[in-house]
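Working notes for the structure below.
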Amino acid sequence: MGVLPHWIVGVCGLCALVASLISFEGIRRQLVNYRKPYQQRLVVRIQLMIPLFAVSCYISLRSFRLSLIIEPVREIYEAFVIYTFFSLLTHLLGGERNIVILTSGRPPVSHPPPFNKVLPPVDISDPFSLLAIKRGILQYVWLKPIICLMFALVEITGLNDIAGINVYFVINLIYNISVSVSLYDLALFWKCMYSDLKPFNPWGKFLCVKLIIFASYWQGILLAVLNWVGVLPNNSTGDGYDDGNTLGFAIQNALLCVELIGFAIGHWHSFSWTEYRAEALPGCGRLPFITALKDVFGLGDLLYDFKSTFQGDEYDYRRFDSVEALIAHPTSKSRMARFNEGLRFTDSGRQKYWLPNASTAANNETDEHQDDPSLLEGVKRDRPFGDKNYPVIYDTQEHQNSPQLQRLRREAMARQQRGLA
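Structure, rendered in structure tokens:
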């Protein structure tokens, strides 16, 4: 048993249960209104953080040994949520290519002080700048499992001191640098795209993700400092608790159990299912509950995104350009880089084109095959009823919520009111 009184552990367990139930109900409503898979799979993955934290914190209060197993899982998922939140913001803005096109012609954004003194302004309309920000966020997801494994090896082997170097301190230093870079790049992306994110009410989503991570991190730091200065007494329980960190660790998990109720309510409102109802999206079908659940836990989109971000082959000026995109801002370094890649203007600058190269020739050959109408006919012939792996359910009453019928209702009510007058 842990170091806290039984009644406190019981209250924490009740709080963890309430937070989990609120979160699961929000997730259930997302899955029964699963009309935008690209967005909702990310929303559900973020919402799963609440029950995972609740189970982890309560188990840590009950057993220190079990906490050694579940704590790394929680920390890895915490890193994954940061990346998932970035992906959600990207999808809300129409995707990475749309972000580059949308921000073309805007002046670069300076870093917050004091980094603006040493780092050049960020031009997010440059696909390579967007890739750098994305890699900065994603590196924490890549490094976190390695860091957890290194901590485990130090605990198992007891090799905390190698050639006079404190291994535990070095690993902690790497961890703090990694999480700081990830959160900084997320904040930088937020700063660059804040005006475009305003219509999506991003502050609630941002705070729900940030506060739970900050609460977990900074409460642990504060309690570690209190233990270091001797405010927290040493404890020994016979269940693996044998030093002054024990009480601080237990208090941290107890606080999180209680705070999770507030975070769950915040998730309920900020990541609401109501914007995906049939009334809000009358022209959209939805996936069945089980299919939606499989889609949430599918790994295909994650593996593809991890691979493309790590390699970076799909990020270049040609792929992220469009006819409507403006030329880069005069102060942007990507302006000359685009010219070097083959961008040219004609008709007094009113039209533009790209000089051909080997890669564009290969892409044109691929596009010719993709535009072959016989390929689409083959798909229709083989799958006359659609893709069986993604069956779509259409609401037979959804026409009642269509914009046309809503307009007719308003006109009928207006005529009725004029008649009564």
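Counting from 1, one number per residue, gives the positions in the sequence shown under full-length UniProt numbering. Using N, Cα and C, we set each Cβ at its ideal position, and we do this for glycine too. All figures in this text were calculated on a predicted structure; none of them were measured in a lab.
Grouping DSSP H, G and I as helix and E and B as strand, with all else coil, what is residue i?
{"i": "residue 9", "result": "helix"}
{"i": "residue 286", "result": "strand"}
{"i": "residue 321", "result": "coil"}
{"i": "residue 162", "result": "strand"}
{"i": "residue 109", "result": "strand"}
{"i": "residue 118", "result": "coil"}
{"i": "residue 393", "result": "strand"}
{"i": "residue 280", "result": "coil"}
{"i": "residue 144", "result": "helix"}
{"i": "residue 423", "result": "Any property of residue 423 remains undetermined from this structure, which presents the chain solely from 1 to 421."}
{"i": "residue 124", "result": "coil"}
{"i": "residue 218", "result": "helix"}
{"i": "residue 368", "result": "Per-residue confidence for residue 368 stands at a pLDDT of 49, beneath the threshold of 50, marking its modelled position as unreliable; no derived number is given."}
{"i": "residue 238", "result": "No answer about residue 238 holds up, because its pLDDT of 49 lies below 50 and its placement is not dependable."}
{"i": "residue 314", "result": "coil"}
{"i": "residue 272", "result": "coil"}
{"i": "residue 225", "result": "helix"}
{"i": "residue 176", "result": "helix"}
{"i": "residue 266", "result": "helix"}
{"i": "residue 199", "result": "helix"}
{"i": "residue 231", "result": "coil"}
{"i": "residue 406", "result": "helix"}
{"i": "residue 362", "result": "With a pLDDT of 47 at residue 362, under the threshold of 50, the modelled position of this residue cannot be trusted; read the value that follows with caution. If DSSP states are grouped into helix, strand and coil, residue 362 belongs with the helices."}
{"i": "residue 293", "result": "helix"}
{"i": "residue 303", "result": "helix"}
{"i": "residue 4", "result": "coil"}
{"i": "residue 298", "result": "coil"}
Quick one: does residue i have its CB under 7 Å from some CB of chain D?
{"i": "residue 58", "result": "No chain D is present in this structure, which holds just one protein chain."}
Suppose you measure from the CA of residue i to the CA of residue j; what does that come to, to the nearest Å?
{"i": "residue 27", "j": "residue 178", "result": "30 Å"}
{"i": "residue 126", "j": "residue 95", "result": "14 Å"}
{"i": "residue 50", "j": "residue 309", "result": "28 Å"}
{"i": "residue 169", "j": "residue 226", "result": "18 Å"}
{"i": "residue 120", "j": "residue 110", "result": "7 Å"}
{"i": "residue 298", "j": "residue 76", "result": "17 Å"}
{"i": "residue 365", "j": "residue 319", "result": "Its pLDDT being 48, under 50, residue 365 is placed unreliably by the model, and nothing is read from it."}
{"i": "residue 150", "j": "residue 73", "result": "14 Å"}
{"i": "residue 426", "j": "residue 276", "result": "Outside the displayed range of the chain (1 to 421) lies residue 426, so it cannot be described from this structure."}
{"i": "residue 1", "j": "residue 313", "result": "For residue 1, the pLDDT reaches just 47, beneath the cut-off of 50, and the residue's location in the model is therefore unreliable, although a value from the coordinates is still provided. Distance between the alpha carbons of residue 1 and residue 313 is about 52 Å."}
{"i": "residue 194", "j": "residue 202", "result": "8 Å"}
{"i": "residue 67", "j": "residue 55", "result": "10 Å"}
{"i": "residue 246", "j": "residue 63", "result": "11 Å"}
{"i": "residue 408", "j": "residue 284", "result": "20 Å"}
{"i": "residue 189", "j": "residue 273", "result": "25 Å"}
{"i": "residue 213", "j": "residue 173", "result": "18 Å"}
{"i": "residue 29", "j": "residue 38", "result": "16 Å"}
{"i": "residue 139", "j": "residue 411", "result": "55 Å"}
{"i": "residue 165", "j": "residue 25", "result": "49 Å"}
Less than 7 Å separating the beta-carbons of residue i and residue j?
{"i": "residue 270", "j": "residue 205", "result": "yes"}
{"i": "residue 208", "j": "residue 57", "result": "no"}
{"i": "residue 187", "j": "residue 141", "result": "no"}
{"i": "residue 34", "j": "residue 255", "result": "no"}
{"i": "residue 82", "j": "residue 216", "result": "no"}
{"i": "residue 289", "j": "residue 48", "result": "no"}
{"i": "residue 223", "j": "residue 252", "result": "yes"}
{"i": "residue 414", "j": "residue 264", "result": "no"}
{"i": "residue 185", "j": "residue 133", "result": "yes"}
{"i": "residue 156", "j": "residue 175", "result": "no"}
{"i": "residue 192", "j": "residue 124", "result": "yes"}
{"i": "residue 3", "j": "residue 250", "result": "yes"}
Since residue i and residue j should fall inside the 8 Å C-beta cutoff, what is the C-beta to C-beta distance between them, to a whole number of angstroms?
{"i": "residue 15", "j": "residue 293", "result": "The Cβ separation is near 26 Å, so there is no contact."}
{"i": "residue 85", "j": "residue 46", "result": "6 Å"}
{"i": "residue 296", "j": "residue 41", "result": "5 Å"}
{"i": "residue 130", "j": "residue 99", "result": "7 Å"}
{"i": "residue 267", "j": "residue 23", "result": "6 Å"}
{"i": "residue 88", "j": "residue 43", "result": "7 Å"}
{"i": "residue 200", "j": "residue 303", "result": "Contact flag wrong, Cβ pair sits at about 27 Å."}
{"i": "residue 167", "j": "residue 161", "result": "7 Å"}
### Task
Could you tell me which uninterrupted alpha helix (DSSP H) segments, each at least 4 residues in length, are contained entirely in the stretch 21-102, listed from first to last along the chain?
Qualifying alpha helix (DSSP H) stretches, in chain order: 37-47, 49-62, 64-92 and 96-102.
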